[in-house]
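Numbering (our numbering), first residue to last: 42 to 202. The beta carbon of each residue, even a glycine, is placed where N, CA and C say it ideally should be. The model shown is predicted, which means the values in this text are computed figures rather than measured ones. Quick notes on the structure that follows.
This is the structure we're talking about:
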C-alpha cells in the first residue's frame, strides 16, 4: 500500500511537470510513463521541451528517493518523428499513439542505463550544441539492417526546487 501511495505521488508529480513543459502524458503502462510533445499542439522546440521534462523527471524521482528512502531508477528514451494518434474504443476509450517512432523511443528507453536520458539522432541534431552528450548504443529496430545511433545525457541530479 505504501509503495502504491509513493508511486501515485511520483506519477502525479510527473503529470504536473509535464503540463509545465507542454508535454502530454499518453499513459502509464506498468512502470512506463509514455508522453509526447508537439503532437496535439505543434511545437518547434519539442525536443528541448522533452529533454527538459526528462531532466525534471529525474529530479522528482531523486526527491522521492531521498524523502522515502526508495530507489526509483529511471531510464528515459526520447525520439522524434511521425506518429499516428487518435482515440480508440467505445466504452472505455483512450487516446494513444502508434508507429515506428513510438517503437524506437521504447527501444531507446530499454537500452538507457538507469539514471540516464538517451536520445536518438534526430533529437541529438537539435540539441547537441546545448547539452553534453556521450555516445550511447546503436540500436536496430524491426529487424532492420540499419542501426540508429543514440546519445546519453548522464544527469547530474541537483534538486532545482
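The three-state secondary structure of residue 127, taken from DSSP, is strand. Per DSSP, the continuous alpha helix (DSSP H) segment holding residue 88 begins and ends at 87 to 109. Counting only the Cα atoms, residue 140 lies some 7 Å from residue 123. With contact defined as three or more Cβ pairs closer than 8 Å, the stretch 111 to 123 and the stretch 162 to 170 are in contact. About 20 Å separates the beta carbons of residue 185 and residue 153, which is beyond the 8 Å limit, so they are not a contact pair.
Taking C-beta atoms under 8 Å as the contact rule, residue 68 and residue 137 qualify, at a distance of about 7 Å. In this chain, the beta strand (DSSP E) harbouring residue 138 covers 135 to 139.
Contact between residue 101 and residue 157 does not hold, since the beta-carbon distance rounds to 16 Å and is not under 8 Å.
CA-to-CA, the gap between residue 70 and residue 42 works out to about 19 Å. With respect to the 8 Å criterion, residue 89 and residue 63 are not classified as neighbours on the basis of their beta carbons. Residue 177 is positioned such that its CB atom lies no closer than 8 Å to that of residue 150. Scanning its chain for C-beta atoms nearer than 8 Å, with the 5 sequence neighbours on each side dropped, one finds around residue 50 the residues 105, in chain order.
Excluding its 5 nearest sequence neighbours in each direction, residue 87 has C-beta neighbours in its own chain below 8 Å: 78, 79 and 121, listed in chain order. Distance from the CA of residue 179 to the CA of residue 54, rounded to the nearest whole angstrom, comes to 32 Å.
Collapsing the DSSP output to three states places residue 112 in coil. In the structure shown, residue 132 adopts coil according to DSSP, grouped into three states.
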